[in-house]
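Reading through the structure tokens given below for one structure.
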Amino acid sequence: TANPYAFQMDDEYKIYIYHHIREDEQSLYGFKTEEEKNLFLKLIEVKGVGPKTALPMLATGSVNGIIDAVERENILYLKKFPKIGDKVARQIILDLKGKLVASGEQVNINNDELFEALKGLGYKQSDINKIVPKVDHDKPIEEQIKDALKLFLK
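Residue numbers (this note's numbering): 7 to 160.
Right, dumping it as structure tokens:
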């Protein structure tokens, strides 16, 4: 998986699997959400990005953060990931811009900001993923963080 620490022992999860087959190897990649798997599949279609490059992107970044970076052509954000240089970052943007926001959903930039803020405060990704959808994203980010912290205390 992109982040094995997103899973807790003794809990059951639905895992979205991708079976990668090459001439000399077979690998299974598991994802906690369908969005992670779909983004992974899009990323590995880009020239210069294989599973071993795409997986760390999903492990250290959020789906919304990566999509937002592509849509805004934020090369610096993409270059923070291992094995992503200027050339590959530009190729990702060239190949994927406008193709990552599916079924009319818009990327909520505040969503990613909120996610990163909570992650910075030490909360687990799995806990953050449960709280973020419950927060009113029309409020300023400071209010969203306060609301999220209140939800964590419940």
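Ideal placement from N, C-alpha and C gives every residue a C-beta, glycine not left out.
Backbone secondary structure at residue i - three-state DSSP
i	result
F158	helix
Q131	helix
Q14	coil
G36	strand
K140	helix
G126	helix
L47	helix
Option nearest residue i by Cα separation, candidates the options
i	options	result
A12	K130, K48 and K140	K130
E42	K160, I21, K89 and Q97	I21
K145	D133, K125, E119 and G128	E119
N102	K89, S33 and L84	According to the sequence shown, residue 102 is Leu rather than Asn. Considering only alpha carbons, the answer is L84.
E31	P57, K93, M15 and L82	P57
I81	K140, R96 and D16	R96
G128	L155, F87 and K105	L155
Element boundaries [alpha helix (DSSP H), containing residue i]
i	result
Y83	I81 to K85
I72	V69 to E77
L64	P57 to T66
Integer-rounded CB distance, given that residue j should sit under 8 Å from residue i
i	j	result
F121	V138	6 Å
G36	I27	About 16 Å; that fails the 8 Å criterion.
V55	L61	Not confirmed; about 10 Å, so no contact.
Terminal residues of the beta strand (DSSP E) in which residue i lies
i	result
I99	It is not in any beta strand (DSSP E) - I99 instead sits in the alpha helix (DSSP H) that spans D92 to L102.
I21	From DSSP, I21 is part of no beta strand (DSSP E); its letter is neither H nor E.
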